[in-house]
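Q: Chains as they are written, first to last, in the numbering used here: chain A, 1 to 114; chain B, 115 to 228.
#1: For the candidate residues B:199, B:222 and B:228, whose alpha-carbon lies nearest to that of residue 41 (chain A)?
#2: Please classify residue 226 (chain B) as buried or exposed, where buried requires at least 16 other C-beta atoms within 10 Å of its C-beta.
#3: Determine, using beta-carbon pairs with one atom in the region 27 to 46 of chain A and one in the region 81 to 98 of chain A, whether at least three such pairs fall under 8 Å.
#4: Taking 8 Å as the cut-off, does the region 48 to 60 of chain A touch the region 140 to 160 of chain B (at least 3 CB pairs, one atom from each stretch)?
#5: Here's the rule: buried if 16 or more other CB atoms are within 10 angstroms of the residue's CB, otherwise exposed. What is residue 112 (chain A)?
#6: Residue 221 (chain B) versus chain A: which residues are under 8 Å apart at the beta carbon?
#7: Beta carbons nearer than 8 Å to chain E: which residues of the region 133 to 149 of chain B have them?
#8: Do residue 91 (chain A) and residue 107 (chain A) have their CB atoms nearer than 8 Å?
#9: To which residues does DSSP link residue 13 (chain A) through a beta bridge?
#10: Please list, in chain order, all residues of the same chain as residue 203 (chain B) whose beta carbon is under 7 Å from its beta carbon, the five residues on each side excluded.
#11: Starting from the beta carbon of residue 101 (chain A), find every residue of chain B whose beta carbon is closer than 7 Å, and list them in chain order.
#12: Pick helix, strand or coil for residue 201 (chain B), following the three-state DSSP scheme.
#13: Is there at least one Cβ from chain B nearer than 8 Å to residue 32 (chain A)'s Cβ?
#14: Check each residue of the region 42 to 68 of chain A: if its Cβ is closer than 9 Å to any Cβ of chain B, include it; give the result in chain order.
#15: Could you check if residue 101 (chain A) is buried or exposed, using at least 16 other CB atoms within 10 Å of its CB as the buried criterion?
#16: Please confirm whether residue 172 (chain B) has its beta-carbon closer than 8 Å to some beta-carbon of chain A.
#17: What does residue 159 (chain B) pair with, by DSSP beta-bridge criteria?
#18: Can you pull the chain A neighbours of residue 105 (chain B), defined as C-beta to C-beta under 8 Å?
#19: Can you tell me whether DSSP reads residue 82 (chain A) as helix, strand or coil?
#20: Compare the C-beta of residue 207 (chain B) against all C-beta atoms of chain A and say whether one is closer than 8 Å.
#21: Are the C-beta of residue 157 (chain B) and some C-beta of chain A separated by less than 8 Å?
#22: Output the distance between the C-alpha atoms of residue 149 (chain B) and residue 10 (chain A), rounded to the nearest integer angstrom.
#23: Please classify residue 93 (chain A) as buried or exposed, where buried requires at least 16 other C-beta atoms within 10 Å of its C-beta.
#24: For residue 5 (chain A), would you say it is in contact with chain B, using Cβ-to-Cβ distances shorter than 8 Å as the test?
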């Protein structure tokens, strides 16, 4: 049973566009929601993360929007660049009850074309 | 800060041999490390959770006698693939936690079993 559903599976945007990647979760005990960026042949790199006490968090060109009642969160990439082309994974875990493993979405392959 | 290294980055071995992969947190102490496996164009699959000084907790379907995990110190965890077979060929990635939430990933190890 997949606990974190991620969409779309792939996404193509023009340079300067704002790709949006969405994730939905089922477990209401989740309280930590990070996004990771992965380039081919490399390990995932933490981009940005949010806790459920806020509805939005922004770091540079990356913004997370969080909707607790809908159990959804999304990643927005402002002014996207070809260098942002990568696979993005959302994840969730329960941290208040201990250091639990991350549950990952299936990933979104983003292509930013010039 | 928060750098995680893996060694080797790439290994090719013959069927039936054992391979050891090291995961090190270079600038922080990690009480918990996680081992993942990733197939091409797929998401990360958690194999096991490793706490320093105790036995690893394996996910369902992961053979603990085949994938030996040792977490001898706060900065080092090892994964040994015993009697490797071609179906064990994959990308293995570790992550380490600095606190109750943030996980930092290593660059991954590409294992090819001939």
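In this text, a Cβ means the ideal position worked out from N, Cα and C, and glycines have one as well.
A: This is what the structure gives:
#1: Translated into positions along the first chain, residue 41 (chain A) becomes position 41. Ranking B:199, B:222 and B:228 by Cα distance to residue 41 (chain A) puts B:222 first.
#2: Here residue 226 (chain B) refers to the residue found at position 112 when the second chain is read from its first residue. By the 10 Å Cβ count, residue 226 (chain B) comes out exposed.
#3: yes
#4: no
#5: Position 112 of the first chain, counting from 1, holds the residue named residue 112 (chain A). Buried is the call here.
#6: Against the second chain, residue 221 (chain B) aligns to sequence position 107. 42 and 43, listed in chain order.
#7: Absent from the structure is chain E; the protein chains it does hold are A and B.
#8: Walking along the first chain from the start, residue 91 (chain A) turns up at place 91. Walking along the first chain from the start, residue 107 (chain A) turns up at place 107. Taking 8 Å as the Cβ cut-off, residue 91 (chain A) and residue 107 (chain A) do not qualify as a contacting pair.
#9: For the purposes of this step, residue 13 (chain A) is taken as residue 13 along the first chain, with counting starting at 1. Looking at the DSSP assignment, residue 13 (chain A) forms a beta bridge with A:112.
#10: As a working mapping, residue 203 (chain B) is identified with position 89 in the second chain. So the qualifying residues of the chain are 225, 226 and 227.
#11: As a working note, residue 101 (chain A) is residue 101 in the first chain. 148, 160 and 163, listed in chain order.
#12: Indexing the second chain from 1 puts residue 201 (chain B) at position 87. Correct three-state label for residue 201 (chain B): helix.
#13: Counting from 1 along the first chain, the entry for residue 32 (chain A) is found at position 32. So yes, residue 32 (chain A) belongs to the interface.
#14: 42, 43, 44, 45, 46, 49 and 51
#15: Here the question's residue 101 (chain A) lines up with position 101 in the first chain. Buried is the call here.
#16: Residue mapping note: residue 172 (chain B) aligns to position 58 of the second chain, counting from 1. Judged by the 8 Å Cβ criterion, residue 172 (chain B) is not in contact with chain A.
#17: The count along the second chain starts at 1 and reaches residue 159 (chain B) at position 45. For residue 159 (chain B), which the question treats as bridged, DSSP gives the partners B:151.
#18: Shown here, chain B extends from 115 to 228; a query on residue 105 (chain B) therefore has no answer.
#19: Here residue 82 (chain A) refers to the residue found at position 82 when the first chain is read from its first residue. Three-state DSSP puts residue 82 (chain A) in a helix.
#20: The count along the second chain starts at 1 and reaches residue 207 (chain B) at position 93. It does; some Cβ of chain A falls within 8 Å.
#21: The residue you call residue 157 (chain B) lines up with position 43 of the second chain. Yes, because at least one Cβ of chain A sits closer than 8 Å to the Cβ of residue 157 (chain B).
#22: Position 35 of the second chain, counted from the first residue, corresponds to residue 149 (chain B). Position 10 of the first chain, counted from the first residue, corresponds to residue 10 (chain A). If you take the alpha carbons of residue 149 (chain B) and residue 10 (chain A), they lie about 26 Å apart.
#23: The residue labelled residue 93 (chain A) in the question sits at position 93 within the first chain. It counts as buried.
#24: Here residue 5 (chain A) corresponds to residue number 5 of the first chain, with the count starting at 1. It does not; no Cβ of chain B falls within 8 Å.
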